[in-house]
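What follows is one structure encoded as structure tokens, with my remarks underneath.
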Amino acid sequence: MNDFINYLNSTNNVGGNSTGSLAETQVKSSYYDAVKVDRKLGIYITDCVKSGNHKAFILTGHAGDGKTSILVQVLKSLGRLQECEGLCVQKEYDDFLYYKDMSEIAAEKQVEALKATVTAPERGMTSLLISNTGPLLKAFEALIREKKETSGQQFSDGDRMELQSKLLTQLDINEDQSLKIEGYEFVLVNIARVDNVPFAVRILKKILAPQLWVPCTICSCADHCPIKNNYELITAQFDRVAQFIENYYRFLYENDKRMTIRQMVGQISYALTGNLTCDYIESRHLKEPFFIYNFANLFFGYNGSKRAKDAAQIKGVEQIQNLELDRISLDIDYSLFVRNDYSCFMPKIQKELTALTQRYRKHYQITDEEQLLDEKKHEEELRLRGAVRRFYLLFSLCESDDDVDHVMNQIFGKSYADYRKLISSKQSNLTLRNMQGIVFEALYIKNTGYLPESKTNLPLTLRREGDVFQNVMIVLGEVGKSDLKVIQERSTNQFEDVDNKFDLYLKLGDKKFKLSLPMITYFNNLIDGAISSNNNPALTHGIAQLDALLLEQFGEEPPETEEDCELTVIINTAKGQEIERFAFENKKLSIQ
Amino acid sequence: MKMYPDVKIGKKEYPLQSILFGHRIQPSQTKYEYLIEFLQVAIAEKRGANKPLEAPTFTTTEMFPISQAADGQFRYLPKLRIGLKRFIFLPKSKLDGKAEVDKDAYKECVKVLESQITGGNATKKKNSITIIQNLLTGFSAVNQSRSWFDQNVLPICPEVILPEGMGIKSWRQKLQFNVNDPEVDEKFDYHKYTYMCRGGEVYYLHLLNAIAEHPEYKTVIELRLNEMITSFPQFSYLCNFVQGNWEEYYVASKEVKTVEKRLGIIPTSFAKRNEQTLSELQNFLNSKSHPFEKMETLANGIILQIMRMMYLAAATDNESNCWVIDVNCAGHENIEAKKRAIAAFKHNEEVISTYLYHGLEEYRDLLDDKKDDQAIIKDAANDSYRLFRKLGKMIGVIIPNTGKGMRFSLSEDIIKFLVLSIIPPKQMITLDEFVHQLYIHFGMVIGPEQYKAEITIGSVADVGDYSFLKANLDAFGQKLKDCGFLRDLSDATAIVENPYEKEDSAK
Numbered sequence: 001m002n003d004f005i006n007y008l009n010s011t012n013n014v015g016g017n018s019t020g021s022l023a024e025t026q027v028k029s030s031y032y033d034a035v036k037v038d039r040k041l042g043i044y045i046t047d048c049v050k051s052g053n054h055k056a057f058i059l060t061g062h063a064g065d066g067k068t069s070i071l072v073q074v075l076k077s078l079g080r081l082q083e084c085e086g087l088c089v090q091k092e093y094d095d096f097l098y099y100k101d102m103s104e105i106a107a108e109k110q111v112e113a114l115k116a117t118v119t120a121p122e123r124g125m126t127s128l129l130i131s132n133t134g135p136l137l138k139a140f141e142a143l144i145r146e147k148k149e150t151s152g153q154q155f156s157d158g159d160r161m162e163l164q165s166k167l168l169t170q171l172d173i174n175e176d177q178s179l180k181i182e183g184y185e186f187v188l189v190n191i192a193r194v195d196n197v198p199f200a201v202r203i204l205k206k207i208l209a210p211q212l213w214v215p216c217t218i219c220s221c222a223d224h225c226p227i228k229n230n231y232e233l234i235t236a237q238f239d240r241v242a243q244f245i246e247n248y249y250r251f252l253y254e255n256d257k258r259m260t261i262r263q264m265v266g267q268i269s270y271a272l273t274g275n276l277t278c279d280y281i282e283s284r285h286l287k288e289p290f291f292i293y294n295f296a297n298l299f300f301g302y303n304g305s306k307r308a309k310d311a312a313q314i315k316g317v318e319q320i321q322n323l324e325l326d327r328i329s330l331d332i333d334y335s336l337f338v339r340n341d342y343s344c345f346m347p348k349i350q351k352e353l354t355a356l357t358q359r360y361r362k363h364y365q366i367t368d369e370e371q372l373l374d375e376k377k378h379e380e381e382l383r384l385r386g387a388v389r390r391f392y393l394l395f396s397l398c399e400s401d402d403d404v405d406h407v408m409n410q411i412f413g414k415s416y417a418d419y420r421k422l423i424s425s426k427q428s429n430l431t432l433r434n435m436q437g438i439v440f441e442a443l444y445i446k447n448t449g450y451l452p453e454s455k456t457n458l459p460l461t462l463r464r465e466g467d468v469f470q471n472v473m474i475v476l477g478e479v480g481k482s483d484l485k486v487i488q489e490r491s492t493n494q495f496e497d498v499d500n501k502f503d504l505y506l507k508l509g510d511k512k513f514k515l516s517l518p519m520i521t522y523f524n525n526l527i528d529g530a531i532s533s534n535n536n537p538a539l540t541h542g543i544a545q546l547d548a549l550l551l552e553q554f555g556e557e558p559p560e561t562e563e564d565c566e567l568t569v570i571i572n573t574a575k576g577q578e579i580e581r582f583a584f585e586n587k588k589l590s591i592q
Numbered sequence: 001m002k003m004y005p006d007v008k009i010g011k012k013e014y015p016l017q018s019i020l021f022g023h024r025i026q027p028s029q030t031k032y033e034y035l036i037e038f039l040q041v042a043i044a045e046k047r048g049a050n051k052p053l054e055a056p057t058f059t060t061t062e063m064f065p066i067s068q069a070a071d072g073q074f075r076y077l078p079k080l081r082i083g084l085k086r087f088i089f090l091p092k093s094k095l096d097g098k099a100e101v102d103k104d105a106y107k108e109c110v111k112v113l114e115s116q117i118t119g120g121n122a123t124k125k126k127n128s129i130t131i132i133q134n135l136l137t138g139f140s141a142v143n144q145s146r147s148w149f150d151q152n153v154l155p156i157c158p159e160v161i162l163p164e165g166m167g168i169k170s171w172r173q174k175l176q177f178n179v180n181d182p183e184v185d186e187k188f189d190y191h192k193y194t195y196m197c198r199g200g201e202v203y204y205l206h207l208l209n210a211i212a213e214h215p216e217y218k219t220v221i222e223l224r225l226n227e228m229i230t231s232f233p234q235f236s237y238l239c240n241f242v243q244g245n246w247e248e249y250y251v252a253s254k255e256v257k258t259v260e261k262r263l264g265i266i267p268t269s270f271a272k273r274n275e276q277t278l279s280e281l282q283n284f285l286n287s288k289s290h291p292f293e294k295m296e297t298l299a300n301g302i303i304l305q306i307m308r309m310m311y312l313a314a315a316t317d318n319e320s321n322c323w324v325i326d327v328n329c330a331g332h333e334n335i336e337a338k339k340r341a342i343a344a345f346k347h348n349e350e351v352i353s354t355y356l357y358h359g360l361e362e363y364r365d366l367l368d369d370k371k372d373d374q375a376i377i378k379d380a381a382n383d384s385y386r387l388f389r390k391l392g393k394m395i396g397v398i399i400p401n402t403g404k405g406m407r408f409s410l411s412e413d414i415i416k417f418l419v420l421s422i423i424p425p426k427q428m429i430t431l432d433e434f435v436h437q438l439y440i441h442f443g444m445v446i447g448p449e450q451y452k453a454e455i456t457i458g459s460v461a462d463v464g465d466y467s468f469l470k471a472n473l474d475a476f477g478q479k480l481k482d483c484g485f486l487r488d489l490s491d492a493t494a495i496v497e498n499p500y501e502k503e504d505s506a507k
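Read top to bottom, the protein sequences are chains W and U.
Numbering-wise (our numbering), the first sequence opens with residue 1 and increments by one.
Numbering-wise (our numbering), the second sequence opens with residue 1 and increments by one.
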């Protein structure tokens, strides 16, 4: 019996045995200290208290993103919260003041709480106010209104909108500098804007710490316990599994489907235990435990080849099922499904999969035509293939990081790994130049309808939106390929928990355009022959913006007089592309 | 009812629908033609005078001459440039409308232009003419099979913003091409309103009335509209090259008479939207997007604003004529919202129908005595709420395109207009605020708050359970996110942003 399993099961919401994964409940658990991960913001606040450089902090963010955990971290490192001790709604020390949650304070007291927070540094205290965004905006409004009105000023509707826009902008860009409004100075942090992807692996590592699993080694069920099996599998291939998990969360993050820390913990712990308890494992005979409850299956919300009931309540499971990552065909498909060659796995999994194939062999051997058309059999085979792919995505043996990247690119998109490298560490010019090549080629195709071949100048054509056919297009300017520079810019926010974080931009003259993962995927699709961006409207306006920027930076100034005007047009003919230039002079048109 | 301009309506002068909803909107006008017709009035020379032969009290080329004619009483003189239109569209239009005289005129025109091209051999010259034609037809506004004189080019430059001149077959067939005969370019009927049905005039009158009430918007709106249509002077040069050389060759061009047009009327009840229309237009035009993107979105926006002001005209104290929106976002199907939206849509049409009957009673003495009530109502219904259906489908605010279950929804294109017109460039507001503004501006009911507000007015049915509206609101958030206008900020707070830069201030 291992009590830690119960703790893990309590962190997700599938089934009724959840004891609650709210930080204030968790903080009382004796396992909390074992799995918690310290964050830079917590350290920063602690330093402020200790050094006497008092500041006011206001913290917002998604539920489950670790706001309360930061408070706990500060209190623990100040030695003011004992193990298993709970939090108060608000508490004031000599040098520190906190409010655990603004919405737990009565509505009429919220403004007071906010005022106490922002004025705490004047009173020699560091303060931390945790709040939801809605009540915070309201309280701020009331606070500023009160201040203005007591000094005899008006607080107009315009002022209100401006205040809101100011706070929203800070919450959106999440600068680490303090904000000054009407004489109040405070640091407003939106933890939902802090990159939390690296936490997944740190938490996984903590969960797998050997001392937490000691009871399992002496358990009588050890030889048939799926949980222990999962523990061993992942420990044996920790880096490989961690890479998949991190890449998956990274992919979601970059596609604006960010997971909160609580959601990550929920998915990982569910994948480990399948919400089985020690009692259950002890008292029942589980069929094929190492396959049905394998980490690879549970992580995708499957029991064996079937979807597990209710597992999609876990956000990460829901998203991975929607993405259908286990249905994307892989380079290795032929050897996995036709040759049943499992040598890409370590022996333990090989054994498991070989046994599986033997059990289901009949499905793989289609002997007559009738069977070929049997939809049910076909479905079943597809489901099995899905399972094998899940194993492959999580456990295939990879000799190098490049091999792992190759696997990831197959499911997350051709340039995914390159993109990830570009945002996480400084890359060589070669990588940057590759990305530049992709952007150039895609834009060329988009602007002219042709492949660039060896051309090095991108014509900026005037096109209509949508699929209206234009075989003659006017050229408003040209950009040299070398002017489309892809650059990395380091993010300098000191509250970021990642050491190296970069943003990727396309530099256009003195402006820059942010390159996101969906945008790059779209560029790759264009190169591969996709026609329109209509399937993803998010991209259409991004691309419209890029077009506008390109024109602004590289478009020729509109001619001031007729004599200045040289008209360049691109003509798409059956033979290929032709360029013609016209000039106007004296009511005549000259061809050049 | 008072009209704008405040003229006395003669008996049988206008049908019922024109008195109630402005003169006039009809089904054959496409969305770009609303925009083009509106711009045509805006850029035309305007003359103050009551009768065509009187000396004008003023002449101006201002878009909205509120200091001279805030009452909307003037005539306007659009530029005709029929030679240019013939050059662009004749070779690629349906055979039916091609009279011999025009074929000849076209041939002559091409010959003249070829002679005005320097450099290159004969083939190259010929090709260049085709290139210019193809370049301009690429911007054709209507993809329908029409006669050449009924076609239009998107407003890529002022020179192509032209009125509709109908080439009446019996007139054209009698003519023969002769450079000295002014009838070659003159014998077109500019008062037929077949495709340019005056919907653009209705919008122009609304704007003029609005600016007369709020003159502070005049400068910026005139400036931005002008910028939008003059961003590509290249096209102007090209069009002038064609029309200029044609006029030089076709000597009778100087004798071709100008055309004077008068605006119709709109009900003064449209003034309820005056300030909203202007602030929406200001925000929208101030957002720095590509001129094309701007035109295409504006064409949708104009229809939306027209529809809303007409719905509003029919509204009463306890029938706000609000639009219950079924967001209809893939992956967020919401049967209850769909049901409510369908019911509300039916109710909207009942409200308008009631308005028609009230109007019939009130204005019976102005209408044709020979026509029976039923025929009048039938006509009025065809040109009002039945037409709104068509307009709504055209811009994607009414779904489905065919079949039953019609209801209000929001397409991606309209969402773009809404974001850009409600939120000033580069600013952001919370999703709740945005939805509230949509309610204030367009009477759109999306979330529980708006629905509850409508219950107190009495225009929607009280339902016990509002959860479907919450789901509807969530779906709207998702749709905005898919369009790239919304970001989740943190718990339960999302921001809607107008991501476009502000247009530079006046040059």
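C-beta atoms are modelled at their ideal positions from N, C-alpha and C, and glycine is treated no differently.
Worksheet item: Just curious, the beta strand (DSSP E) that W:D176 is in, first and last residue?
Response: Judged by DSSP secondary structure, W:D176 falls outside any beta strand (DSSP E); it is assigned neither H nor E.
Worksheet item: Which residue's Cα is closest to the Cα of U:S490: W:P135, W:Q110, W:L41 and W:A296?
Response: The candidate whose alpha carbon is nearest that of U:S490 is W:P135.
Practice prompt. Please classify W:G477: does DSSP put it in a helix, a strand, or coil?
Written response: In this structure, DSSP gives W:G477 an extended state, which the three-state scheme calls strand.
Worksheet item: What distance in whole Å lies between the Cβ atoms of W:R327 and W:G386, which are believed to be in contact at a cut-off of 8 Å?
Response: Contact holds; Cβ gap of about 6 Å.
Worksheet entry | Cβ-based burial, U:G83 [other Cβ within 10 Å; buried from 16] | Flag for U:G83 reads buried.
Worksheet entry | Distance between beta carbons of U:M428 and U:D495, contact taken as under 8 Å | Position check: residue 495 of chain U holds Ile in this sequence, whereas Asp was assumed. So it is a contact: roughly 5 Å between Cβ atoms.
Worksheet item: From which residue to which residue does the beta strand (DSSP E) around W:Q488 run?
Response: K485 to R490 is the span of the beta strand (DSSP E), which, as asked, contains W:Q488.
Practice prompt. Could you list which residues in chain W have their beta carbon closer than 7 Å to that of U:I131, in chain order?
Written response: Among the residues of chain W, those whose CB is under 7 Å from the CB of U:I131 are V472, V569, I571 and E580, following chain order.
Worksheet entry | Residues within the segment 235-248 of chain U neighbouring chain W, beta-carbon criterion of under 9 Å | Within the segment 235-248 of chain U, the residues whose Cβ lies closer than 9 Å to some Cβ of chain W are F235, S236, Y237, L238, N240, F241, G244, N245 and E248, listed in chain order.
Worksheet item: Does the count of Cβ pairs from the segment 197-206 of chain U and the segment 36-46 of chain U closer than 8 Å reach three?
Response: In short, these stretches touch, since the Cβ pair count reaches three.
Worksheet item: Beta-carbon of U:S493 versus every beta-carbon of chain W: anything under 8 Å?
Response: The sequence given here places Thr at residue 493 of chain U; Ser does not occur at that position. Closer than 8 Å: yes.
Worksheet item: From W:E108 to W:E92, what does the alpha carbon distance come to, in whole angstroms?
Response: Near 20 Å, if we compare the C-alpha coordinates of W:E92 and W:E108.
Discussion item. Let me make sure I understand the geometry here. Which of W:D195, W:Q90 and W:M161 has the alpha-carbon closest to that of W:S131?
Written reply: Comparing Cα positions, the closest option is W:Q90.
Discussion item. Under 8 Å, Cβ to Cβ, is there at least one residue of chain W near U:S231?
Written reply: Chain W, which has a Cβ nearer than 8 Å to the Cβ of U:S231, makes this yes.
Discussion item. Output needed for W:K40: all residues of its chain with C-beta closer than 8 Å, excluding positions within five of it in sequence on either side, in chain order.
Written reply: Cβ within range, chain order: Q494, F495, E496 and D497.
Practice prompt. Note down the Cα distance separating U:K416 from U:C483, rounded to an integer number of angstroms.
Written response: C-alpha separation (whole angstroms): 8 Å.
Worksheet item: Taking the continuous alpha helix (DSSP H) assigned at W:V388, which residues delimit it?
Response: In the DSSP annotation of this structure, the continuous segment of the alpha helix (DSSP H) that includes W:V388 starts and ends at E375 to F395.
Practice prompt. Confirm, please, whether the CB-CB distance from W:E563 to W:F584 is below 8 Å.
Written response: Yes, the Cβ-Cβ distance between W:F584 and W:E563 is below 8 Å.
Worksheet item: In terms of residue numbering, what span does the alpha helix (DSSP H) encompassing W:S607 cover?
Response: The structure shown does not extend to residue 607 of chain W, since chain W spans only 1 to 592, so no value can be given for it.
Worksheet entry | Residues, ordered as in the chain, of the segment 418-429 of chain U that lie near chain W by beta-carbon distance below 8 Å | Within the segment 418-429 of chain U, the residues whose Cβ lies closer than 8 Å to any Cβ of chain W are, in chain order, Q427, M428 and I429.
Worksheet item: Along chain W, in chain order, which residues have C-beta atoms closer than 9 Å to that of U:E293?
Response: Correct list: E465, H541, A544, D547 and A548.
Practice prompt. Go to W:I130, then tell me how far its alpha helix (DSSP H) extends in each direction, as first and last residue.
Written response: Per DSSP, W:I130 lies in no alpha helix (DSSP H); the unbroken beta strand (DSSP E) holding it starts and ends at T126 to I130.
Worksheet item: For W:I173, is the classification buried or exposed, using 16 other Cβ atoms within 10 angstroms of its Cβ as the cut-off for buried?
Response: By the neighbour-count definition (other C-beta atoms within 10 Å, threshold 16), W:I173 is an exposed residue.
Worksheet item: Does DSSP put W:L330 in a helix, a strand or coil?
Response: It is coil, neither helix nor strand.
Worksheet item: For W:D402, which of W:R284, W:R389, W:Y416 and W:F391 has the nearest alpha-carbon?
Response: For W:D402, the closest alpha carbon among the candidates W:R284, W:R389, W:Y416 and W:F391 is that of W:Y416.
Discussion item. Taking 8 Å as the cut-off, does the segment 520-532 of chain W touch the segment 437-446 of chain W (at least 3 CB pairs, one atom from each stretch)?
Written reply: By the Cβ criterion, the segment 437-446 of chain W is in contact with the segment 520-532 of chain W, since at least three pairs of Cβ atoms, one from each stretch, lie closer than 8 Å.
Worksheet entry | chain U residues whose Cβ lies nearer than 8 Å to that of W:A106 | Within 8 Å Cβ-Cβ: nothing; W:A106 doesn't reach chain U, min ~20 Å.
Discussion item. Please identify the residue among U:S147, U:N121, U:H436 and U:K272 whose C-alpha is closest to the C-alpha of U:D96.
Written reply: Of U:S147, U:N121, U:H436 and U:K272, the residue nearest in Cα terms is U:S147.
Worksheet item: If you draw a straight line from the C-alpha of W:S533 to the C-alpha of W:L539, how long is it?
Response: Legend: pLDDT at W:S533 = 47, less than 50; position of this residue unreliable, value from coordinates given subsequently. Using only the alpha carbons, I get a separation of about 7 Å.
Discussion item. Taking the alpha carbon of W:A548 as the reference point, which residue from W:G477, W:G576 and W:P559 has its own alpha carbon closest?
Written reply: Of W:G477, W:G576 and W:P559, the residue nearest in Cα terms is W:G477.
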